[in-house]
Structures are given as structure tokens and as C-alpha cells.
Amino acid sequence: TPAASWRCQRSRLWPMGPSVLPAWLQPRYRKNVYLFIYYLIQFCGHSWILANMTVRFFSFGKDSMADTFYAIGLVMRVCQSISLLELLHIYIGIESNQLFPRFLQLTERVTILFGVITSQEEVQEKCVVCVLFILWNLLDMVRYTYSMLSVIGTSYAALTWLSQTLWMPIYPLCVLAEAFTIYQSLPYFESFGTNSTVLPFDLSTCFPYVLKLYLMMLFIGNAKMFLAKCKKLCKVFHSPIHLLHVLNTGHTTRPTTRPDI
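Residue 1410 in the numbering used here sits at position 229 of the sequence shown, with consecutive numbering throughout.
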């Protein structure tokens, strides 16, 4: 019968039954499969962007910075648009990050990328855009690599340490690059009136004023987030014993017993 032939073929494919498959490929781990594919797509996208920028810089020198956005802008916009799914991931519980800080970070990037850089061609030629993209992609490459390997239960001490500490020097540089991008875009928005709305009465919307207000909020909000992350990291690594445990095992969970040193 067809059922018997199917059982015979299945026994040849899986002599010990379907349970011999890796745990993260079994039906009850479909969530992990989805997250692994999502992190892999993001990792490939950001790796391609960073590799493209590096090759272009060594090939053309400083001249490559002027047309960085034209070379990798589309892939950058796609990756940042897909990253909005992370808000849904956190909301439905398949990711354990905090929703509000991630929402602020994504809003910040979408505002800079789509509202400032994409909408103003003169800003796209600035060198600060190239610097900003490099910083963004460095953080995202490490973050998505760490998350991708964590989903399948793999960890490396160096990668764990890098994912916990790399953002400390790069995150303030990202804020400065974002602020400088907004500052350089203000004269163009004021001259061309991009994204500004003129109403027949006194209430009108001038986009440069919105950017100036956002610029002040950018420093205040990111300063609070940076201090909160530093305080949280200090609580996690408050003892040399735990730091040694992380460097040896790659896991950030606290050891239950004191390791032999």
C-alpha cells in the first residue's frame, strides 16, 4: 500500500526515527528556525554592505565616500525596513529584548535614513553618511552573528565579550555621526523646503525645526539609554569571577559555584 511504502522510505531516510534531527529543526523549534533565518538574512545584508564599502574604499580611496549611498543605499534601506519586524518579535514574545528601547533605536535609524538622508540628495554625498553606515553595520554584524549562533545553542567567548562591549565605544560615535548628519542637512531643508508643509493659516510645519527639536531629544534620550546599559552591564559583570566565567564559556549566566582559578 502507499502508506506502507512511505513508512519503508521513511525508515531508510531516518533509521532511528525523526528524533535524530537536530533539536532546532524539530517541529517544536520552528520559532528558532524562523529566527535563525531572519538573523542570517540580516547578517548577510550587513556583511555585504560593509564588504562593499571596504572594497570600494581601498579601490577608489576617499572618492568612494561621495557615492556610498548610491552603491549600498538600497540594501541599507531594505535591511532597516526588515528590522522593523523585531518590534513584532518582541511583542509576541519570540525575542527577549525590551520593546521600548528597541523602538527608540529603530525610530532613530528610520528617521535618519529615510527622513534625512534618502529625502535629500545633497546629504547623500557627505562623508559622514559613509562613517555612519560603517558604525551601524559594525554593530549589526556583531549583534546578528551573536543572536544567530545563540538560537542554535552555539556560543564563543570572544563573540560574547564583543557583543557585550563593542557598543560602548561605537554607540556614542553613532549618536555623534547622526547628530552631525542632521546638522549638515539643515541648510538644505531650509533652502528647498523639503518635507515642510505650508498651511493657509499661521499653523505651518517646517521640517528643519522638527529636526532641531529631534536633535536635542537625540542627545538626551541616547545619553539616558547609554547610562542605563552601562549600569546594567556593570551589574552583570560586577565580579572578576563572573567575567572569567564569561570569557571561558561564552555564557552570560552567572555560575552557580565558584570556579577553580
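The C-beta atom is built at its ideal place from N, Cα and C for all residues, glycine as well.
Below 8 angstroms on the Cβ atoms is my contact criterion, and I expect L1280 with L1265 to pass it. Report the Cβ-Cβ distance as a whole number of Å.
For this step, residue 1280 is matched to residue 99 along the sequence shown. For this step, residue 1265 is matched to residue 84 along the sequence shown. Actually they are not in contact, since the Cβ atoms of L1280 and L1265 sit about 13 angstroms apart, beyond 8 angstroms.
Could you check the C-alpha separation between F1418 and I1230 for me, to the nearest Å?
For the purposes of this step, residue 1418 is taken as residue 237 along the sequence shown, with counting starting at 1. For the purposes of this step, residue 1230 is taken as residue 49 along the sequence shown, with counting starting at 1. Caution applies to F1418, whose pLDDT of 49 falls short of 50 and renders its modelled position unreliable; the model cannot decide the point.
What is the rounded straight-line gap between the Cα of Y1219 and the Cα of E1371?
Working through the sequence shown from its first residue, we reach residue 1219 at position 38. Working through the sequence shown from its first residue, we reach residue 1371 at position 190. About 39 angstroms.
When you compare only the Cα positions, how much space is there between F1134 and R1324?
The requested residue 1134 is not part of the displayed model; the chain covers only 1182 to 1442.
Between I1271 and R1290, which are expected to be in contact by the criterion C-beta below 8 angstroms, what is the C-beta distance as a whole number of angstroms?
Walking along the sequence shown from the start, residue 1271 turns up at place 90. Walking along the sequence shown from the start, residue 1290 turns up at place 109. Actually they are not in contact, since the Cβ atoms of I1271 and R1290 sit about 16 angstroms apart, beyond 8 angstroms.
Out of V1312, T1288, F1241, state which residue places its alpha-carbon closest to the alpha-carbon of Q1261.
Translated into positions along the sequence shown, residue 1261 becomes position 80. If we check each option's Cα against that of Q1261, T1288 comes out closest.
Please work out which residues of its chain come closer than 7 angstroms, Cβ to Cβ, to M1322, disregarding the five sequence neighbours upstream and downstream, and give them in chain order.
Residue 1322 sits at position 141 when you count from the first residue of the sequence shown. Within the same chain, Cβ atoms closer than 7 angstroms to the Cβ of M1322 are found at F1224, H1227, S1228, L1231, the five residues on either side in sequence being excluded.
Which of helix, strand or coil DSSP assigns to G1274:
The residue given as residue 1274 occupies position 93 in the sequence shown. If DSSP states are grouped into helix, strand and coil, G1274 belongs with coil.
In three-state DSSP terms, what is G1242?
If you number the sequence shown from 1, residue 1242 lands on position 61. Coil.
Can the beta-carbon of Y1364 be found less than 8 angstroms from the beta-carbon of E1303?
In the sequence shown, counting from the first residue as 1, residue 1364 sits at position 183. In the sequence shown, counting from the first residue as 1, residue 1303 sits at position 122. In this structure, the beta-carbon distance from Y1364 to E1303 does not fall below 8 angstroms.
How about L1319 and I1275: do their beta carbons lie closer than 8 angstroms?
One-based indexing of the sequence shown puts residue 1319 at position 138. One-based indexing of the sequence shown puts residue 1275 at position 94. Annotated as distal: L1319 and I1275, with beta-carbon spacing of 8 angstroms or more.
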